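Be aware that the sequence shown starts at 439, since it is given in the numbering used here, and climbs by one per residue. Following: one structure in structure tokens, then a few remarks.
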Amino acid sequence: MKIVTIGCSFGGLYALMDLLGALTTDFPAPIVVVQHRSSDEYDEHRLAHVLSRYSALPVKDADHGERIMAPGVYLAPADYHLLVDGGQFELTVDDVVQYSRPSVDVLFDSAARAYGPGAVGVLLTGYGRDGSAGMRAIRDAGGVTIAQDPEAALQGAMPRHAIEAGGAAEILPLEAIAPRLLELAKVAA
């Protein structure tokens, strides 16, 4: 495992608080998150501020050209697509994908291309299909893909679509995802 990518939408804040709160300060891979949000929904850096109260890992909005480092949780800024490429972040204002910018598919697809079997994709609660194609790309590249159990999610559409598209190799309840990531980290060490 070289990178963990997480996508979520409706209900994602609460899912992220639980998931990040269960990870330890020595988690060895960077965590990159797309939470659907619009520029008028949050003040700049507010989401990072809220999540940092629950996470032992440092949380911040990603900057264009910033090196991807562990430990750390990097968030897609509002109204920007976030890509990973060559060990650094790229922010774009390209067209919306699946009605979203930032888009989970854009992040996951870039992680599949940049990290191949070293990529982990986690899809949490949310409406719509964003993340389905990207999860499939990570799985096809040999990476690990985990979907939150749609029956237990606040809104199960996103993980359900990824499962139906064949992108999710593992389906776990939210409380089992952090332990699974810690297990994957031990295997990779």
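The beta carbon of each residue, even a glycine, is placed where N, CA and C say it ideally should be. Keep in mind it's a predicted model, so treat the numbers as computed, not measured.
Assignment of valine 442 by DSSP, reduced to helix, strand and coil, places it in the strand class. Three or more Cβ pairs closer than 8 Å define a contact, and the segment 441–452 meets that threshold against the segment 553–572. Ranking Asp547, Ala486 and Ala514 by CA distance to the CA of alanine 494 puts Ala486 first.
DSSP places isoleucine 469 in the uninterrupted beta strand (DSSP E) bounded by 469–473. Counting along the chain, the unbroken alpha helix (DSSP H) around phenylalanine 546 starts and ends at 542–553. With a cutoff of 7 Å on beta-carbon distance, aspartate 532 and alanine 571 are scored as not near each other.
Inter-residue distance for proline 588 and serine 541 is about 19 Å (C-alpha atoms, whole angstroms). For the pair leucine 520 and alanine 500, the CB atoms are nearer than the 7 Å cut-off.
With distances taken between CA atoms, aspartate 456 lies nearest to Tyr492 out of Phe546, Pro509, Tyr492 and Ala508. Each residue's CA atom was taken as its position, placing aspartate 523 and valine 535 some 19 Å apart.
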